[in-house]
Each structure stands twice: as structure tokens, then as C-alpha cells.
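**Student:** So the protein sequences, as listed, match chains A and B.
With this note's numbering applied, the first sequence covers 137 to 313.
With this note's numbering applied, the second sequence covers 46 to 318.
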Amino acid sequence: MRLIAAWLLVLLTAGAACAGGPPEVVSAKAVLATDAVHPGQAAKLAVLARIEPGYHINDHKPSLDYLIPTRVAFDSAPILKVEKVVYPRGKSVKFDFLDSPISVYEGQIRVGSLLKVGADARPGAYTLRGTFRYQACNDHACLPPASVPFEASIRVAPSSVPLKPANTEIFRTIHFK
Amino acid sequence: MKKGKVLVGVVLGIVVVVGLFFVNKYWITPATTKAAKASGEFPQAPQFQLTSLSGEKVDLQAYRGKVVLLDFWATWCGPCRIEIPGFVQLQNKYGSQGLVVIGVSMDDGPAPVRKFYSDFHMNYPVAMGSDKLGMLYGGIFGLPTTFLIGRDGRIYAKHEGLTDLSFFETEIKELLAVPPDRKVADFKTAGYTAAKEIATSTPAEVNSVVPGVDVSKLSPAELKEFEKLLTQQKCPCGCGFTVLKCRQVDSSCQMSLQAARDAYQKFLKSHHG
């Protein structure tokens with residue numbers, strides 16, 4: 137079994153963008169809960185991360201003190217302030233190399249962010265950039281800590297223009313309180 | 046109908062995994078081992094000098110004549126942590142016969158490593174590693190990665206990922222049994238060895254402005270010209286960078302490495318004949 141797992145690691149490594157390097161096992165993108173945002177108002181953003189099958193990344197609040205937590209960080213943006221980041225609850229998984237289960241993220245996860253748009257933000261298109269930082273392992277090896285960039289296109293609309301909900305299915309599953 | 050398709054998919058999946066298992070077991074690994082031997086030898090372990098956590102010099106050259114287990118690991122790596130008590134045991138059991146275990150931590154800083162060293166009663170030198178050291182050993186893409194170096198200074202095995210202690214022990218006994226002045230004939234790896242040759246790099250390649258390519262034969266003017274040439278070539282790996290930029294930002298990329306090496310050979314031929 138371990139031989140097959142090792143082989144899968146080799147295959148995934150071979151499939152990396154730059155073949156031969158560490159495999160890129162996480163991809164991330166960001167979406168908003170509305171089609172635009174209003175000056176001086178709150179806005180919701182979700183970072184959607186996809187973790188390759190066979191790999192896991194650590195919970196934002198890892199079960200063991202030596203594990204590197206998953207974190208979302210935003211670049212500073214003049215018109216926006218990130219007020220809160222909400223991480224999902226991890227899944228408890230038992231690995232051969234540990235005595236007890238640990239909380240990890242597998243598959244697809246959604247990290248929510250509450251943003252505050254500056255009152256003086258002018259209508260127009262903006263980009264919010266950030267990084268999704270993680271450290272991945274499979275059941276027999278670990279990859280170095282890594283980060284993947286993401287960006288969200290944000291349109292500031294005049295307060296007189298009503299906002300339309302977007303990505304409602306995604307935001308229904310994120311508990312911001 | 047839908048059930049039938051799912052069943053076919055599952056069966057196909059099983060066939061692929063089983064196929065890979067046998068391809069690895071009976072074709073790729075023996076072919077690699079054979080290639081390594083046919084091409085002459087197992088590679089010489091790249092030399093390095095580090096300072097251990099306790100301040101002592103860790104000079105690989107000084108261990109010539111001994112069998113070295115070189116372990117790249119990190120405190121944040123669960124599979125690495127589970128292997129280490131086994132390495133402590135091996136050092137205790139075979140140290141007097143000539144085994145030296147060396148730990149190279151890929152942590153960002155020494156503080157957690159010092160704590161781990163003390164908590165786990167490690168009895169062998171541990172030093173902080175670097176990407177450049179990893180590059181000398183062919184790139185350390187996953188942890189743990191462990192090399193077994195014979196008394197003659199050659200790398201005989203590379204284990205990527207958590208490996209059964211008994212595999213290391215079998216290989217160590219085999220390597221210890223060969224006197225320092227004799228070559229290891231027909232070394233048999235006990236466990237899983239990566240299905241590729243054990244690749245190493247030279248310091249000139251690692252420290253090059255074009256990482257991975259030894260440009261020491263070029264004059265400063267030629268080097269500038271060569272660098273310019275690589276900035277005009279798009280990297281074939283799909284990263285969107287030029288070959289030079291790809292080498293500099295991701296020295297582990299094998300596609301840019303091959304492109305840079307090919308370009309270097311052509312350049313050398315056109316300038317030096």
C-alpha cells in the first residue's frame with residue numbers, strides 16, 4: 137500500500153506545472169456575495185480552495201502545536217479593510233504516523249471574509265489580492281509550506297444602485313457569526 | 046445503465062492502480078537500478094559543511110569510511126517525526142560499527158528543532174539545511190527524504206516519504222559489511238527507491254546565476270550574452286516566465302533546467318567550438 141502511495145506521490149510530482157518540482161496541491165480563487173459593493177458598507181468574500189485528492193492541509197487551528205496552520209492573508213488595499221476571516225471546521229482524520237486523529241482540511245474548503253468598504257471609495261473596478269498559505273501532507277510524506285495567490289475583482293457601485301446577490305450557494309455554507 | 050458505467054469506472058481504476066504497482070515493481074525500479082550501475086556507478090554524495098545545533102562542524106568529507114544516513118526532515122512533518130526514534134535506535138545499535146546518522150532540518154529556524162532534539166533525545170548531529178543543500182541532492186520535494194551513503198562516499202539509496210525502519214536497517218547492514226576500500230557490488234535496495242536515478246548537482250550548478258547550469262566556462266561577456274539568450278526563450282513548463290526567470294524562481298523545475306542546459310550546450314558549441 138505504501139509503495140502505491142509513494143508511486144502516487146511520484147506521479148503527482150510529475151504532473152506539477154514545472155515537472156520535477158514539488159507538486160502544487162492547492163488552488164484558490166475568491167468570489168463575492170454580491171455583484172458589487174457600496175462605499176461605507178460591509179461586503180462578504182469567500183476564498184475557495186481546492187486540495188488535490190490524497191493530500192490534506194492543516195486546520196487553521198491545528199490539533200498539534202508543531203503543525204503549520206492554514207491561513208488566508210490579504211494584501212493591503214486602499215479602499216477595503218478586512219474585518220474578519222472565518223475558517224471552516226476541519227475534519228478529524230487518523231493517520232498512520234500519528235497516535236490520535238488530527239483536524240485537517242481535505243477536498244474543497246471555503247474561507248469567509250468580512251470586508252468594510254471605505255466610505256470614500258469611488259465607484260469603479262478594483263482588485264483585492266491575497267494568498268492562501270498552507271502546508272500539505274499525504275499519508276506518508278509532507279511538502280514544504282507553500283502559498284497560492286488569489287485575487288478578487290471588486291466593483292464599487294454608487295449607493296443608489298441596488299446590489300444583486302451572487303454565489304448564494306457558497307455563502308449559505310459560511311457562518312460569519 | 047448508470048450503475049454499469051460506474052462499475053466499469055471502478056474496475057478501470059483498480060486496473061490502473063494495480064498496473065502501476067507492477068510497472069513499478071517489475072519494470073521501472075529494476076531498470077533504474079540497472080541504469081545507475083550501467084552508467085558506471087551510484088553517484089558520489091555532494092560534499093557539504095554545516096554547523097550542528099550544538100555548534101560542531103558537520104563535514105561530510107570527515108565521515109568518509111563510514112556509512113552515513115542523511116535525513117532531510119522538519120519538525121512540522123508528522124512522518125519525519127515518527128522516523129526519528131528509529132534513527133536514534135540505529136545510531137545506538139550500529140554507531141560502533143561505523144554508522145553515522147546526520148539530520149538536516151528544513152525548518153525555517155532552529156528554535157523548534159532544538160526543542161525537538163532535546164525532547165526526542167536525539168543522539169546524532171542535526172544541522173539546519175537550505176534549499177541550496179537540497180538542490181545539491183537533486184532537490185528535496187517532500188519530507189522526509191533520506192539518503193544512504195556508503196563507506197566509499199556514494200549514494201546507494203534514496204527514500205522519499207515515511208519508510209519502514211527495517212528497510213533502512215537491511216541496507217545499513219549491507220553497506221557496513223563492505224570495507225572502505227572496496228566498492229559495494231550489487232547493492233540491493235531493501236525498500237522503495239524513487240523510480241528515477243539518484244540525481245545530484247555540483248556546487249557550481251547550484252550557485253550559478255542560471256541555477257542548475259555550470260556556466261563557469263563562460264567569460265563575463267559571454268555569460269551576459271547567455272543570460273540574454275535565456276530571457277528571450279519562453280519556459281516550456283507553462284509558467285509564463287522566460288527560461289532564465291523560471292530557473293531563478295523555481296530551481297526545482299526540470300523543464301526549464303533541460304531547456305537551459307540544451308541552450309548552454311548550443312551556446313558553448315557556437316562560442317568555443
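Virtual Cβ for every residue (Gly too), placed ideally from N, Cα, C.
Remember, it's a predicted structure, so these values are computed and weren't measured experimentally.
Report the residue from B:208, B:169, B:170, B:147 whose alpha carbon sits nearest the alpha carbon of residue 233 of chain A.
**Tutor:** Out of B:208, B:169, B:170, B:147, B:208 has the C-alpha closest to the C-alpha of residue 233 of chain A.
**Student:** Please return the same chain residues whose Cβ sits closer than 8 Å to the Cβ of residue 255 of chain A, not counting the five positions on each side in sequence.
**Tutor:** Closer than 8 Å at the Cβ level, and outside the excluded window around residue 255 of chain A, lie 175, 176.
**Student:** Comparing the C-beta of residue 127 of chain B with each C-beta of chain A, is any distance below 9 Å?
**Tutor:** It does; some Cβ of chain A falls within 9 Å.
**Student:** Select from B:157, B:211, B:93 the residue whose C-alpha is nearest the C-alpha of residue 181 of chain B.
**Tutor:** Comparing Cα-Cα distances from residue 181 of chain B to each of B:157, B:211, B:93, the minimum goes to B:93.
**Student:** Please classify residue 317 of chain A as buried or exposed, where buried requires at least 16 other C-beta atoms within 10 Å of its C-beta.
**Tutor:** Residue 317 of chain A lies beyond the residue range present for chain A, which begins at 137 and ends at 313; the question has no answer from this structure.
**Student:** Using beta carbons (cut-off 9 Å, strictly below), is residue 88 of chain B in contact with chain A?
**Tutor:** Answer no: the Cβ-Cβ gap between residue 88 of chain B and chain A never drops below 9 Å.
**Student:** Quick one: Cα of residue 192 of chain A to Cα of residue 305 of chain A, how far?
**Tutor:** Cα-Cα distance, rounded: 24 Å.
**Student:** I want to see whether chain B comes within less than 9 Å of residue 177 of chain A, judged by CB atoms only; does it?
**Tutor:** No, its Cβ sits nowhere closer than 9 Å to a Cβ of chain B.
**Student:** Could one say the Cβ of residue 281 of chain A lies closer than 9 Å to chain B's Cβ atoms, at least one of them?
**Tutor:** For residue 281 of chain A, the answer is yes, since a Cβ of chain B falls inside 9 Å of its Cβ.
**Student:** Looking at chain C, which residues of the region 185-219 of chain A have a Cβ within less than 7 Å of any of its Cβ atoms?
**Tutor:** Any reference to chain C falls outside this structure, whose protein chains are A and B.
**Student:** Under three-state DSSP, which class holds residue 292 of chain B?
**Tutor:** Reduced to three states, the DSSP call for residue 292 of chain B is helix.
**Student:** Exposed or buried, residue 180 of chain A, counting other C-beta atoms within 10 Å across all chains shown (16 or more means buried)?
**Tutor:** Classification for residue 180 of chain A: buried.
**Student:** Please report the straight-line C-alpha distance between residue 241 of chain A and residue 314 of chain B, rounded to a whole angstrom.
**Tutor:** Distance between the alpha carbons of residue 241 of chain A and residue 314 of chain B: 52 Å.
**Student:** Straight-line CA distance for residue 307 of chain A to residue 188 of chain A?
**Tutor:** Rounded to whole angstroms, residue 307 of chain A to residue 188 of chain A spans 22 Å at the Cα level.
**Student:** Thinking C-alpha only, which one of B:186, B:167, B:247 is nearest residue 161 of chain A?
**Tutor:** Closest by alpha carbon: B:186.
**Student:** What in chain A is Cβ-close to residue 188 of chain B, meaning under 7 Å?
**Tutor:** Per Cβ cutoff of 7 Å: 277, 278.
**Student:** Contact defined as beta carbons within less than 8 Å: I believe residue 143 of chain B pairs with residue 196 of chain B. What is the distance between those atoms, to the nearest angstrom?
**Tutor:** Right, their Cβ atoms sit about 7 Å apart.
**Student:** Of the residues A:194, A:210, A:219, A:263, which one's Cα is nearest the Cα of residue 226 of chain A?
**Tutor:** Here the closest residue by C-alpha is A:194.
**Student:** Count the other CB atoms, across all protein chains shown, that sit within 10 Å of the CB of residue 258 of chain A; report buried if there are 16 or more and exposed otherwise.
**Tutor:** Result: exposed.
**Student:** Apart from the five residues just before and just after residue 161 of chain B, which ones in its own chain have a Cβ nearer than 7 Å to its Cβ?
**Tutor:** Cβ neighbours of residue 161 of chain B beyond the five flanking positions: 120.
**Student:** Are residue 247 of chain A and residue 222 of chain A closer than 9 Å when you measure CB to CB?
**Tutor:** Yes, these two residues count as a Cβ contact at 9 Å.
**Student:** What number of angstroms, rounded off, separates the C-alpha of residue 159 of chain A from the C-alpha of residue 155 of chain B?
**Tutor:** Near 26 Å, if we compare the C-alpha coordinates of residue 155 of chain B and residue 159 of chain A.
**Student:** Figure out for me which residue from A:207, A:243, A:235, A:212 has the closest Cα to the Cα of residue 269 of chain A.
**Tutor:** When only C-alpha atoms are compared, the closest one is A:207.
**Student:** With 9 Å set as the bound, which would you pick, yes or no: does the beta-carbon of residue 159 of chain A sit closer than that to a beta-carbon of chain B?
**Tutor:** Yes, its Cβ sits closer than 9 Å to a Cβ of chain B.
**Student:** Distance, Cα to Cα, residue 290 of chain B vs residue 183 of chain A?
**Tutor:** Taking the straight line joining both Cα atoms gives about 29 Å.
**Student:** Closer than 7 Å by C-beta to residue 249 of chain B: which residues in its own chain qualify, once you throw out the five before and the five after it? Chain order, please.
**Tutor:** Answer for residue 249 of chain B: 259, 261, listed in chain order.
**Student:** Considering only the alpha carbon of each residue, which of A:196, A:250, A:171 lies closest to residue 294 of chain A?
**Tutor:** It is A:171 whose Cα lies nearest to the Cα of residue 294 of chain A.
**Student:** Can you look up residue 130 of chain B in the DSSP assignment and give me helix, strand or coil?
**Tutor:** Reduced to three states, the DSSP call for residue 130 of chain B is helix.
**Student:** Please state the DSSP three-state secondary structure of residue 69 of chain B.
**Tutor:** Here the model assigns residue 69 of chain B a pLDDT of 40, short of 50, so the residue's position is not dependable, and the following value carries that caveat. Helix.
**Student:** Which residue or residues does DSSP assign as beta-bridge partners of residue 219 of chain A?
**Tutor:** Paired residues: none, contrary to the question.
**Student:** So does residue 214 of chain A have its beta carbon nearer than 8 Å to some heavy atom of the ligand FAD?
**Tutor:** This structure lacks the ligand FAD, and indeed carries no ligand of any kind.
**Student:** According to DSSP, is residue 180 of chain B part of a helix, a strand, or is it coil?
**Tutor:** Of the three classes helix, strand and coil, the one that applies to residue 180 of chain B here is helix, per DSSP.
**Student:** For residue 231 of chain A and chain B, any beta-carbon pair shorter than 9 Å?
**Tutor:** Residue 231 of chain A counts as touching chain B.
**Student:** If I measure Cβ to Cβ from residue 145 of chain A and keep anything under 7 Å in the same chain, skipping five residues before and after, which residues do I get?
**Tutor:** Because residue 145 of chain A sits at a pLDDT of 42, beneath the cut-off of 50, its placement in the model cannot be relied upon, and the following sentence gives the value as read from the coordinates. Closer than 7 Å at the Cβ level, and outside the excluded window around residue 145 of chain A, lie 274, 277.
**Student:** Report yes if the C-beta distance between residue 305 of chain B and residue 268 of chain B is below 9 Å; otherwise report no.
**Tutor:** Result no, Cβ atoms of residue 305 of chain B and residue 268 of chain B do not sit closer than 9 Å.
**Student:** When the Cα of residue 255 of chain B is compared with those of B:227, B:215, B:233, B:296, which residue comes out closest?
**Tutor:** For the residues B:227, B:215, B:233, B:296, the minimum Cα distance to residue 255 of chain B belongs to B:296.
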